[in-house]
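Remarks on the structure that follows.
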Amino acid sequence: MFFRHLFKVFVFTLSILAIHLLSAYLDQYLSDYRGQYNALTFTLLGMGAVVLIFYPLLVWMDRGVDRLARGFLGFGRNLAGRKLGMILAFTAGFYGLFFLYGKLWFNANLHPQVLAALKTAVFNIRNLWA
């Protein structure tokens, strides 16, 4: 039962982010503030704002987007099993959308910055245990 709800959350999250990316509705508004934050922080905050704004709208929208996202997550399920595949497909989809948002908002490849942030986090965690 838990994974059914989690699956629904994943579908809505990917749908919300994909619809916004295609429409770029908030791009004009958010572009005024992007110089005040670094690219990683601004991209994560902007994506969070998109989810909060578009979630209620998606509840009433046509289920075509829902079917597309379910197909994507179903592909992950078929690849690596129900639970792990769902999580891996969501992670891949989210990271892909994160990359595209960074490209849209900053015209930049955020991948090297993400890798550097992960490397720093792993280094800090290792130092806590040492």
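With the sequence shown counted from 1, adding 979 to any position gets you this note's numbering. Even for Gly, the Cβ is constructed at its ideal location relative to N, Cα and C. Note that the structure is a prediction, hence the values are computed from the model and not measured.
Contact between A1028 and G1081 fails: their C-beta atoms lie close to 15 angstroms from each other, not under 8 angstroms. Using a Cβ distance threshold of 8 angstroms, G1064 and R1056 count as a contacting pair.
For L993 against G1072, the beta-carbon gap comes to about 5 angstroms, under 8 angstroms, which counts as contact.
DSSP places Y1074 within a helical segment (H, G or I) once states are collapsed to three.
The C-alpha of F1069 lies about 30 angstroms from the C-alpha of W1108. In the DSSP assignment, L1097 falls within the unbroken alpha helix (DSSP H) covering H1090 to W1108.
Taking 8 angstroms as the cut-off, the Cβ atoms of L1058 and L1000 do not count as close.
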